[in-house]
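Here is the structure we will look at, set down as structure tokens.
Number of protein chains: 2
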Amino acid sequence: MLKRERQAFILKQINLHNRVLSSDLSTEMQVSEDTIRRDLLELSNTDKLIKVHGGALSKSFHSSFLREDIYQLDAKKMIANKALNLIKDGMFVLTSGGTTIIELARILPVELKATFFTGSIPAAYEYAKHPNIEVIFIGDKISKGSQITVGGEAIMKINSIKPDLCLLGVNAIDLTNGVTDNDWDVVQVKKAMVEAASKTAVLTITEKMNTCQKLKICEINQVAYLITEMDHQADLFKAYANTGIEIL
Amino acid sequence: MLKRERQAFILKQINLHNRVLSSDLSTEMQVSEDTIRRDLLELSNTDKLIKVHGGALSKSFHSSFLREDIYQLDAKKMIANKALNLIKDGMFVLTSGGTTIIELARILPVELKATFFTGSIPAAYEYAKHPNIEVIFIGDKISKGSQITVGGEAIMKINSIKPDLCLLGVNAIDLTNGVTDNDWDVVQVKKAMVEAASKTAVLTITEKMNTCQKLKICEINQVAYLITEMDHQADLFKAYANTGIEIL
DNA sequence: CATTTTTTTGCATTTTTTTGCTTGTTTATA
DNA sequence: TATAAACAAGCAAAAAAATGCAAAAAAATG
């Protein structure tokens, strides 16, 4: 393993877990702890991380997109991990934005080769870091609130593709109203995404389940997978499973 | 094995595995490591890969970590400040990517109301933070090395707009060859940008002046403004000013 | 075709970088 | 305070890089 690769790996671990132990890194990468220490020293000298006794911590403002104040980060990480199972080599994946999707973008395994379409700036930013993923950005006007592109151009572009999978971070889902949201522009885009994709997976923390907002994105039966942080056998999901949705 | 073949093989390996070792290449192609080193040096000089101790890494790999340390940041801030003078309320501005443009994006005054078009992820991210700026993202495939969109869709989109001003961060400019760059895809997009805009401003640190790369973006006389960190009366600019370019 | 020039390549030598190890010191914490 | 872990500094071996040089190959020239 080359020195630069090692340092890249360390930074990735730091961005993923916010902290690393020298001993872990040493065994993971099969080099002596001295080497790790020297790497950490270099990275800390260039302000890439904060070196502490035994390892290193992430510089809170190091990443362009702050993660400190993400609501229910652990739950979202868990969701992202489950969602990984749906993504296979060679797939064309269309994704929305949102913090859950961004967590997913961060943990995509390096060996994965796939093509990702998105209109989300932070998501595209994360995808673009990945060595083997081709990223197609769906351009148009950027909605300030959500950092994703909205508008006719974007929708036309989405209509012109046929991805295998759509990963949708959503704000509200319930049995009778389906997937809903409050932002008109965003709803138009997400609608188009669900229509375009062969299958749609909905990612949400359970807190948002059985809630409803003003505008409909799609019906429950258009959703193939529901991914939350809870065990898929929980009672909460019974009624959803009955509609044919696969709970992960 | 011919030199050209060898270098093509190296690039193929880089695209395949994101990394190569000089020693591997040496045995695989039955040439001395010196030769490999010289090949890697050449490829690195034309920005095809990142040369590191022991081998080389793919550009996309590199972009995934060492981004925070911006070269000549102070100079770039100064350039950004000068460029501000060109941007007026109500303008439609088309911008490339690059660290200088991103500095500019960061210091746009809050009162400014304008519409910005860009294909650069980090630039769009900065523009989107601004309260009064409308951001239109030019979508297409994202080039890993430079974090900007490239390709036919992007170029078509650029051709369909008529911005007042194009702000171009460039890597090389000289009197006889004009504005040049090394990345074919990026050159296509920048070409389209210059063609589309009423006026083009070139932003560059003086270090890159009077240097030349392999592919032409535009002639000197297509540039309306040249913005560097140095005083506009410096001798360095005399010849440029004579061609009618306004030096800021 | 002969000859000059340029490019390419490998080799020897020196220099630099990287890495693991040892030794003695510091630090965290039970 | 005791103790194990982590650290810093220096050292040495190995790997890689830079440098200069010369032979071979290729290209250009008359």
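Protein sequences appear in the order of chains G and V.
Heads up, the working numbering is the position in the first sequence plus 22, with the first residue counted as 1.
Heads up, the working numbering is the position in the second sequence plus 22, with the first residue counted as 1.
Just so you know, even glycine gets a beta-carbon here, dropped at the ideal spot from N, CA and C.
No experiment lies behind these values; they were computed from the predicted model shown.
Residue-level contact to chain V via CB, residue i, 7 Å cutoff
i, result
"G/Gln169", "yes"
"G/Phe83", "At G/Phe83, the pLDDT of 44 sits below 50, so the modelled position is not reliable and the matter cannot be decided from this model."
"G/Pro153", "yes"
Beta carbon of residue i nearer than 7 Å to that of residue j
i, j, result
"V/Ile164", "G/Val157", "yes"
"V/Ile170", "V/Ala214", "no"
"G/Ala176", "G/Glu148", "no"
"G/Cys11", "G/Val216", "Coverage of chain G is limited to positions 23 through 270, which leaves residue 11 of chain G absent and any answer about it impossible."
"V/Lys236", "V/Asn204", "yes"
"G/Asp61", "G/Arg28", "yes"
"G/Lys221", "G/Ala246", "yes"
"G/Phe114", "G/Thr137", "yes"
"G/Met252", "G/Thr228", "yes"
"V/Ile101", "V/Thr122", "yes"
"V/Gly167", "G/Leu24", "no"
"V/Ala146", "V/Phe159", "yes"
"G/Glu2", "G/Lys99", "No answer is possible for residue 2 of chain G: it lies beyond the span of chain G, which begins at 23 and ends at 270."
"G/Pro153", "V/Asn40", "yes"
"V/Leu197", "V/Ala261", "yes"
"V/Ser48", "V/Ile58", "yes"
"V/Val211", "V/Val172", "yes"
"V/Gly120", "V/Gly191", "yes"
"G/Ile249", "G/Ala223", "yes"
"V/Ile36", "V/Ser80", "yes"
"G/Pro185", "G/Ala150", "no"
"G/Leu108", "G/Leu187", "yes"
Closer than 9 Å at the beta carbon, the chain G residues around residue i
i, result
"V/Ala150", "Ile143, Ile164, Ser165, Lys166, Gln169"
Coarse secondary structure for residue i, derived from DSSP in three states
i, result
"G/Ile180", "helix"
"G/Met113", "coil"
"G/Met23", "coil"
"V/Glu12", "In this structure chain V extends from 23 to 270, so residue 12 of chain V is not present and cannot be described."
"V/Leu258", "helix"
"V/Lys238", "strand"
"G/Ala145", "helix"
"V/Ile32", "helix"
"V/Ala246", "coil"
Residue-chain proximity (residue i, chain G), Cβ-Cβ < 7 Å
i, result
"V/Ala146", "yes"
"V/Leu79", "yes"
"V/Phe159", "yes"
"V/Asn40", "yes"
"V/Pro131", "no"
Contacts of residue i in chain V (Cβ-Cβ under 8 Å)
i, result
"G/Arg60", "Going along chain V, no residue has its Cβ under 8 Å from G/Arg60, so there is no contact; the nearest lies around 13 Å."
Under 7 Å by beta carbon: chain V residues contacting residue i
i, result
"G/Arg26", "Val74, Leu79"
"G/Glu156", "Lys163"
Chain G contact residues for residue i, given Cβ-Cβ distances below 7 Å
i, result
"V/Lys179", "Gly161"
Any non-hydrogen atom of the ligand SAH within 6 Å of residue i CB
i, result
"G/Thr117", "The model on display carries no ligand, and the ligand SAH is accordingly not part of it."
Point to revise | Every unbroken alpha helix (DSSP H) within the region 40-110 of chain G, with a cutoff of 4 residues, ordered by chain | key: Correct list: 44-51, 55-67, 95-106.
Review point. In chain order, which alpha helix (DSSP H) runs of at least 4 residues are fully inside the region 157-231 of chain V?
Key: For the region 157-231 of chain V, whole alpha helix (DSSP H) runs of length 4 or above, ordered along the chain, are 174-181, 206-218.
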